[in-house]
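With my numbering, letter number 346 in the sequence shown gets 388, and the count goes up by one each step, no holes.
Think of the CB as a built atom: it goes at the ideal place given N, C-alpha and C, for glycine as much as any other residue.
The structure under discussion appears below in the form of structure tokens.
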Amino acid sequence: MRGPVRIVGTGLLGTSIGLGLAARGVEVQLADASPTAMRLAADYGAGRPAEPGDAPELIVVAVPPDVTAQVVARELEAFPDAVVADVASVKAVPLAELRALGADISRYLGTHPMAGRERSGALAGSGDLFVGRPWVIAGHDGISYERGSLVDDLILDLGAVPIESTPEEHDRAVAIVSHLPQLVSSLMAARLADAPDEALRLAGGGVRDVTRVAASDPALWIQILGANAPAVVEQLRALQTDLATLVDALDDVDASGSRKAVADALRAGNEGVARLPGKHGTHARFTRVQVRVDDRPGQLARLLADIGDAEVNLEDVRIDHAEGAQFGVAEITVLPEAVQRLHDALEELGWQVVA
């Protein structure tokens, strides 16, 4: 990007885009309905406050979905020489609203970076938020390739991977890979609200994995789900059918076919998770090695160094802790052919390999 780039909305995404571009020497102009939010993002280095007379080359609208179209239309009118992109979580509704408003969509392109955090606001921003993440470009017939290339430059400069889609395809896709998981996570986490303390003390990686995104902002998600309701409802109804099948099977587990129904559901889950792309977008199968790590300074760093010395490539790592324990269990993900070599090397160096 040459810039300048104007960013409207200094929440998590807007601030992260500003931080990433500013770190690459691009002039970033910040605007927000909240002067406090805008100044906070500026203080963190995401850009400078916008000023009268600014002439941005590209405008990125990073505001909630329910006002995205109105803000985009305003920016298109105020800056007739700029290309305007948004980063809202839904794409079909903003485009339809802009057409209804008579906006100049020849300079508009809807996008959606598939990156985020449970926390929101400028304080959660990171210039590396988009590195290696898919960033959807929901094109339409009204914009030229030349104008759209500005958005390609933005995405590539931030380290993301551009993925072309139509607005309708995008909304159907995020319903199953983003919006439904959010609802499932929230519903599962809600079951914990009245759970006895004795149960919560037993919580491990499984329940933490399922409920991680349940900490997301409800106000934002109400807007996202409302804007993509038909696609989300379709997925919820399919899930409802699957749940009903499981309930019936477990309600009378000794009935003919009940155990098969449960096994089929679990097997279908195995097949689904195997389709998720892994490191570098591949579908390579990995194996997990669990190692006890004492809760003392430097232990995790030593473990990672020992893995490297064993010439084993670390694909992923996570740590689980039990309540009250003075140690954790590091779950090391590696290629299957490296498991025995890693196991032997770690035990020789005194590590306790749990599994």
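Here DSSP, grouped into helix, strand and coil, assigns W393 to coil. Under the criterion of beta carbons closer than 8 Å, P136 and A111 qualify as touching, at roughly 5 Å. In this structure, V70 lies near I49, with their beta-carbon atoms less than 8 Å apart.
Taking the CA atoms as reference points, V359 sits about 23 Å from G167. Per DSSP, the continuous beta strand (DSSP E) segment holding D358 begins and ends at 358-363.
When DSSP states are grouped into helix, strand and coil, R383 belongs to the helix group. In the pairwise beta carbon analysis, the stretch 97-104 is classified as touching the stretch 50-58: at least three pairs are separated by under 8 Å.
Distances from the CA of Q277 to each of R214, I349, V249 were compared; the closest alpha carbon is that of R214. A direct Cα-to-Cα measurement between A127 and S191 gives close to 12 Å. In the same chain as R189, and ignoring 5 residues on each side of it, the C-beta atoms closer than 8 Å to its own belong to V125, S148, R149, L151, in chain order.
The beta-carbon distance between L345 and V331, rounded to whole angstroms, is 11 Å. This is too long to meet the 8 Å contact definition. Our two residues, P176 and V203, have alpha carbons roughly 5 Å apart in a direct line.
In the three-state reduction of the DSSP assignment, I49 falls in the strand class, which pools E and B. In this chain, the beta strand (DSSP E) harbouring D336 covers 329-336. Contact annotation, V395 with E389: C-beta distance approximately 6 Å; criterion of less than 8 Å satisfied. Nearest Cα to P122 within the set L82, A134, D108, G95: G95. If you look at G62, you'll find it in the alpha helix (DSSP H) that goes 54-65. Taken through DSSP and simplified to helix, strand or coil, V304 comes out as helix.
In the structure shown, R159 adopts coil according to DSSP, grouped into three states. When the beta-carbon positions are compared, P209 and L55 stay at least 8 Å from each other. Going by DSSP, V274 is part of the alpha helix (DSSP H) stretching over 271-293. Cβ-Cβ separation between A231 and T253: approximately 4 Å, consistent with a contact (criterion under 8 Å). Taking all protein chains in view, the Cβ of V219 is surrounded by fewer than 16 other Cβ atoms within 10 Å, so the residue is classified as exposed. In terms of Cβ geometry, E357 and V376 form a close pair [threshold 8 Å].
Spatial neighbours of A291 in its own chain (CB-CB distance under 6 Å, excluding positions within 5 residues in sequence) are listed in chain order as S300, A303, V304. Here DSSP, grouped into helix, strand and coil, assigns A372 to strand. Per DSSP, A138 lies in no beta strand (DSSP E); the unbroken alpha helix (DSSP H) holding it starts and ends at 134-143.
In the DSSP assignment, D128 falls within the unbroken beta strand (DSSP E) covering 125-128.
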